[in-house]
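Novice: Please read through the structure below; I'll follow up with questions.
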Amino acid sequence: MIQKAIIPAAGYGIRNLPITKAIPKELFPIGNRPAIDYVVKEAIDAGITDILIILSRNKTEIMNYFDRSMELEAHLRTIHKESMLPIIAPAKVNIQYIRQYEALGLGHAVSLGQSFAANEPFAVMLPDQINLHQNSLLLPLIRNYEKHRTNVIGLQSVDPKLLSQYGVASAVQVQRRIYEVASIVEKPAYDPPSQLAVMGRYIVEPGIFELLKTTKPGIGGEIQLTDALNQMGMTRKAIGYVYKERWYDTSIEHDYLKIQQRAYQLHKKRKQ
Ligand code: UTP
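This is the structure:
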């Protein structure tokens with residue numbers, strides 16, 4: 003059973019400057035909740051009990067968001083708004099934090115979770131890749147891990163014009179929605195190996211940590227998780243699970259506007 007998840011949130015958010023100078027992109031609002039809150043809920047709904055969030059110096063607001071605010075609770079009681087207490091209650095999951103001193107890449111961020119993972123397989127969840135589904139979309143990856151006992155990667159078919167912004171899988175279909183992944187090409191400028199983009203959800207075996215220790219900086223000068231996954235894939239191929247559900251990448255303006263719209267529609271529908 004997968005019980006642990008690592009959520010890397012220590013990047014600079016260069017694509018979203020200047021707002022990310024002051025507001026971490028993981029806290030971008032979607033309705034009245036920050037993006038990372040959707041990811042934590044998705045983890046809890048999939049049975050995750052322990053989360054490690056990787057932070058950097060200017061991301062302390064993320065800790066504050068998940069902390070209990072005694073002062074606000076007392077104030078809500080004073081003004082007889084007790085009905086609002088549940089919406090500010092901390093998530094029912096054990097959250098730990100660690101700082102990444104320098105944004106050396108996603109692979110480096112994940113490597114900081116070695117003692118947290120304690121030699122167990124774990125989930126990696128990128129907090130800028132969000133879906134709005136009622137059911138946790140981490141769950142199918144966990145089920146596939148239990149079946150195949152190898153790394154599992156969430157994929158989605160995306161518009162070919164957008165593939166250069168993603169990791170793209172070179173993969174062969176083995177069942178409906180299930181692929182064997184030979185490798186992942188990070189942000190291919192031309193000739194993407196398929197239309198299947200990596201969707202920021204992974205189940206990873208703890209063997210990744212030894213490989214990350216020697217993974218050299220790759221594309222963008224960053225230590226890439228993809229490079230270590232590709233190396234693992236040489237001995238045992240990863241499984242790709244293709245989501246048909248729509249994912250949104252909050253770092254891409256067009257997607258961010260779309261998810262805002264969708265969250266608003268869902269909110270209106272629930273109120274009807
Ligand atoms: P991204 O590449 O999307 O985030 O990494 P970024 O680096 O913040 O954004 P750009 O590319 O500069 O615009 C995906 C996730 O991994 C985290 C980011 O915070 C983001 O949530 N990350 C990335 C780290 O935690 N550490 C890193 O060194 C790099």
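Whatever position you read off the sequence shown (first residue = 1), add 2 for the numbering used here. Glycine included, every Cβ here is placed at the ideal spot set by N, Cα and C.
(1) Measure how close the beta-carbons of residue 125 and residue 50 come, nearest whole angstrom, since I'm counting them as under 8 Å.
(2) Around the Cβ of residue 96, are there at least 16 other Cβ atoms within 10 angstroms (buried) or fewer (exposed)?
(3) Exposed or buried, residue 19, counting other C-beta atoms within 10 Å across all chains shown (16 or more means buried)?
(4) How would you label residue 44, buried or exposed, when you count the other beta carbons within 10 angstroms and need 16 or more for buried?
(5) Among 259, 238 and 93, which has the Cα closest to the Cα of residue 250?
(6) At a cut-off of 7 Å, is residue 13 close to the ligand UTP when judged by its beta-carbon and the heavy atoms of the ligand?
(7) Can you tell me whether residue 175 is helix, strand or coil according to DSSP?
(8) For the beta strand (DSSP E) that residue 232 lies in, which residues bound it at each end?
(9) Which class does residue 188 belong to by DSSP, given the choice of helix, strand or coil?
(10) Can we say the segment 128 to 136 touches the segment 167 to 180, given the rule of at least three CB pairs closer than 8 Å?
(11) Closer than 8 Å is the cut-off here; do at least three beta carbon pairs connect the segment 114 to 125 with the segment 27 to 36?
(12) Compute the Euclidean distance between the alpha carbons of residue 111 and residue 80, then round it to the nearest angstrom.
(13) Within its chain, find whatever has a CB closer than 6 Å to the CB of residue 86; leave out the 5 residues flanking it on each side and keep chain order.
(14) With respect to the beta strand (DSSP E) encompassing residue 240, which residues constitute its N-terminal and C-terminal limits?
(15) Rounded to whole angstroms, how far is the Cβ of residue 147 from the Cβ of residue 4, which I believe are closer than 8 Å?
(16) Take the Cβ of residue 24 as the centre, count every other Cβ of all protein chains shown within 10 Å, and call the residue buried at 16 or more, exposed below.
(17) Run the proximity test for residue 28: is its beta-carbon closer than 7 Å to any non-hydrogen atom belonging to the ligand UTP?
(18) Note the first and the last residue of the continuous beta strand (DSSP E) segment covering residue 7.
(19) Is residue 159 helix, strand or coil by DSSP?
(20) For the putative contact between residue 204 and residue 170, defined by C-beta atoms under 8 Å, what is the C-beta separation to the nearest angstrom?
(21) When DSSP labels each residue in this structure, what does residue 34 get in the three-state scheme?
(22) Who are the Cβ neighbours of residue 47 in its own chain at under 6 Å, not counting the five residues just before and after it?
(23) Is it true that the CB of residue 114 sits closer than 8 Å to the CB of residue 2?
(24) Just list the residues that DSSP pairs residue 200 with in beta bridges.
(25) Does the Cβ-Cβ distance between residue 58 and residue 119 come in under 8 Å?
Specialist: Let me lay it out:
(1) About 7 Å separates the beta carbon of residue 125 from that of residue 50, a gap short enough to meet the 8 Å contact definition.
(2) Burial check for residue 96: the Cβ neighbour count within 10 Å stays below 16, so the residue is exposed.
(3) Burial call: exposed.
(4) Using a 10 angstroms sphere on the CB of residue 44, the tally of other CB atoms reaches 16 or more, which defines it as buried.
(5) Put simply, of 259, 238 and 93 the residue whose alpha carbon is nearest the alpha carbon of residue 250 is 259.
(6) Yes, the Cβ of residue 13 comes within 7 Å of a heavy atom of the ligand UTP.
(7) Residue 175 sits in a strand when the DSSP states are folded into three classes.
(8) Where residue 232 is concerned, there is no enclosing beta strand (DSSP E), although the alpha helix (DSSP H) around it starts and stops at 227 to 237.
(9) Strand.
(10) No, the segment 128 to 136 is not in contact with the segment 167 to 180.
(11) At 8 Å Cβ cutoff, the stretches do not touch.
(12) Take the alpha-carbon of residue 111 and the one of residue 80: they are about 42 Å apart.
(13) These residues qualify, in order along the chain: 78.
(14) For residue 240, the uninterrupted beta strand (DSSP E) run begins and ends at 240 to 245, by DSSP.
(15) Rounded, the Cβ-Cβ distance is 6 Å, consistent with contact.
(16) Flag for residue 24 reads exposed.
(17) Within the cutoff, so yes.
(18) In the DSSP assignment, residue 7 falls within the unbroken beta strand (DSSP E) covering 6 to 10.
(19) It is a strand residue.
(20) Incorrect: roughly 15 Å between the Cβ atoms, too far for contact.
(21) Coil, per DSSP.
(22) 138.
(23) Limits of the chain in this structure are 3 at one end and 274 at the other, which puts residue 2 out of reach.
(24) For residue 200, which the question treats as bridged, DSSP gives the partners 157.
(25) No, Cβ-Cβ distance for residue 58 and residue 119 is not below 8 Å.
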